[in-house]
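Please read the structure below before turning to the comments.
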Amino acid sequence: MWVMAGPAATRVLADYGAAIVRVESTSSIDTARGLAPFHNGEAGPENSGLFQNMNAGKLGLTLDLTKEEGRAVARDLVRWADIVTESFSPKAMRAWGLDYDSLRRVKPDIIMLSSCLFGQNGPLAMFAGFGTMGAAITGFNSVTGWPDRDPAMVGAYTDYIAPRFTLAAILAALDYRDRTGRSQYIDFSQAEASLHFLAPTLLDYTVNGRVQSRIGNRDPQMAPHGVYPAAGEDRWVAIAVGSDEQWRSLCDVLGRPEFASDERFSILETRLANQDELANIVSEWTQQREASEAEAALQAHGVPAHAVQNSTEAVRDPQLLHRDHFVRLDHEVHGTTTVEGSRFKLSRTPATIERSAPTFGRDNQYVLETILGYSPERIADLAAAGVLE
């Protein structure tokens with residue numbers, strides 16, 4: 002599976018003990034290998050930090066699936082595997098004879114997941130797209146940004162939502178197979194899965210006929226709500242007041258207790274109607290203080306707030322360090338590389354991240370010889386025929 006949506010899901014499986022064999026080709030390189038940030042700031046297929054993070058813990062096999070010999074190796078892998086996952090457009094696997102119906106003849110109880118932008122059927126099914134397009138068609142761009150400006154690009158947002166559903170679907174299919182012995186095919190639409198995160202917006206339209214507009218950092222249920230300037234260059238603090246009690250506490254911190262009973266701000270409805278004035282009041286206080294100072298003062302009074310951290314601060318965050326969120330791994334090219342940890346902890350079966358993401362061909366010998374039982378002569382023949390590229 003390519004880029005982020007698929008690899009992020011299988012990365013979780015790898016963390017908790019699954020043997021994941023990532024099949025790829027040096028002649029058609031995963032887009033993620035070309036995405037920043039890069040080790041030492043140099044672009045290259047072995048240098049992408051994003052690729053490392055999404056594929057840590059996996060084995061790699063370089064295989065040319067345009068050759069029948071390569072597809073034969075893939076079918077042998079299917080005989081060994083429990084699950085096959087792929088994220089091509091619908092026509093690719095059928096053209097190679099590696100679609101679900103074909104693979105089920107190879108292994109009757111195989112589970113297969115096909116994850117693409119719009120699913121396996123419908124007028125847009127053959128559209129080969131990425132998460133940036135998914136964010137546009139699902140509507141995330143239209144509700145992101147400031148009211149008086151054009152829609153803001155939120156990046157490949159669906160790539161970060163889809164893996165949560167993908168993982169659940171795979172585990173459900175495994176449970177079904179364990180109970181019935183039967184295979185299952187998962188037709189996964191990344192766009193449809195991501196629409197779940199816009200449920201309130203869709204419901205508002207279907208029930209009220211109302212089209213949600215862009216509101217910047219504001220929230221329809223909280224005020225003040227936003228990111229406010231702190232002392233120093235590009236320093237900010239996020240504040241979210243969700244109740245009248247929190248508003249009264251904020252007024253005390255600001256040294257303006259009279260605002261708690263001011264009819265412009267005393268209840269949520271009037272605060273929502275006067276958000277520009279609220280923003281000025283809060284900003285006047287925050288910009289005179291360090292972000293950490295503002296955070297501490299607000300949290301001490303029960304007001305939800307936190308300094309906005311940059312990447313350097315996030316990597317050094319004491320909470321993340323305490324939970325071993327960042328894991329340092331050996332790397333064949335760079336010596337070491339850093340990836341994120343498992344994100345959740347199981348008390349009886351803790352995660353183990355044993356290896357960095359595969360460099361091209363790193364695990365070919367192990368996969369072919371140890372997993373598939375190929376002889377050295379057969380492996381040499383495949384290499385000579387250009388199949389392992």
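This note's numbering puts the first residue of the sequence shown at 2, with every later residue one more than the last.
All C-beta atoms, glycine included, are put in the ideal place defined by N, C-alpha and C.
- Residue state for M134 is assigned as helix, using DSSP reduced to three classes.
- DSSP places M113 in the strand class (E or B) of the three-state scheme.
- Note on geometry: alpha-carbon atoms of W81 and W97 lie some 19 angstroms from one another.
- Nearest to D77 by alpha-carbon distance, out of P377, L389, L383 and L373, is L373.
- Cβ neighbours of H307 within its own chain (closer than 6 angstroms, five residues either side excluded): A239 and E296.
- In this chain, the beta strand (DSSP E) harbouring Y186 covers Q185 to S190.
- When DSSP states are grouped into helix, strand and coil, I240 belongs to the strand group.
- According to the DSSP secondary-structure assignment, P230 is paired through a beta bridge with W237.
- Per DSSP, the unbroken alpha helix (DSSP H) holding L172 starts and ends at Y158 to T181.
- When C-beta atoms of the region 105-120 are compared with those of the region 83-94, three or more pairs fall below 8 angstroms, so the two segments count as touching.
- Residue burial annotation: A358 is buried, with at least 16 other C-beta atoms found within 10 angstroms of its C-beta.
- By the Cβ criterion, the region 40-56 is not in contact with the region 137-154, since fewer than three pairs of Cβ atoms, one from each stretch, lie closer than 8 angstroms.
- By the Cβ test, the region 23-38 is in contact with the region 58-69, since at least three Cβ pairs between them sit closer than 8 angstroms.
- A distance below 6 angstroms between beta-carbons, with the five flanking residues on each side excluded, links R211 to the following residues of its chain, in chain order: D205.
- When DSSP states are grouped into helix, strand and coil, S343 belongs to the coil group.
- One Cα belongs to P225, the other to V208, and the distance between them is close to 27 angstroms.
- Rounded to whole angstroms, L369 and D235 show a C-alpha spacing of 52 angstroms.
- Residue range P377 to A385 is occupied by the alpha helix (DSSP H) that includes I380.
- The beta carbon of W237 lies closer than 7 angstroms to those of V228, Y229, P230, A231, A292 and V309 in the same chain, with the five residues before and after it left out.
- When the Cα atoms are used, V85 and H326 turn out to be separated by approximately 29 angstroms.
- Between A136 and T159, the C-beta spacing is below 8 angstroms.
- Under the three-state reduction of DSSP, F266 is assigned to coil, being neither helix nor strand.
- Taking the Cα of R72 as reference, the smallest distance to any Cα among S88, L175, G58 and V107 is reached at V107.
- From the listed residues G130, P164, F131 and S214, the smallest Cα separation to P148 is found for S214.
- Taking one beta carbon from each stretch, the region 311-327 and the region 254-269 have fewer than 3 pairs nearer than 8 angstroms; the two do not touch.
- Taking every protein chain shown into account, the CB of P221 has fewer than 16 other CB atoms within 10 angstroms, so this residue is exposed.
- The shortest C-alpha to C-alpha distance from E87 to any of N122, F128 and V4 is the one to V4.
- A buried status is given to I111, since no fewer than 16 other beta-carbon atoms sit within 10 Å of its beta-carbon.
- The Cβ atoms of F131 and L125 do not sit closer than 8 angstroms to each other.
- In the structure shown, L99 falls within a coil segment according to DSSP collapsed to helix, strand and coil.
- Taking the Cα of Q53 as reference, the smallest distance to any Cα among A352, A386 and V334 is reached at V334.
- The alpha-carbon of I380 is positioned some 11 angstroms away from that of G387.
- Judged by DSSP in its simplified three-state form, R363 adopts coil rather than helix or strand.
- For R249, same chain residues with a beta-carbon under 7 angstroms away, outside a window of 5 residues either side, are A261 in chain order.
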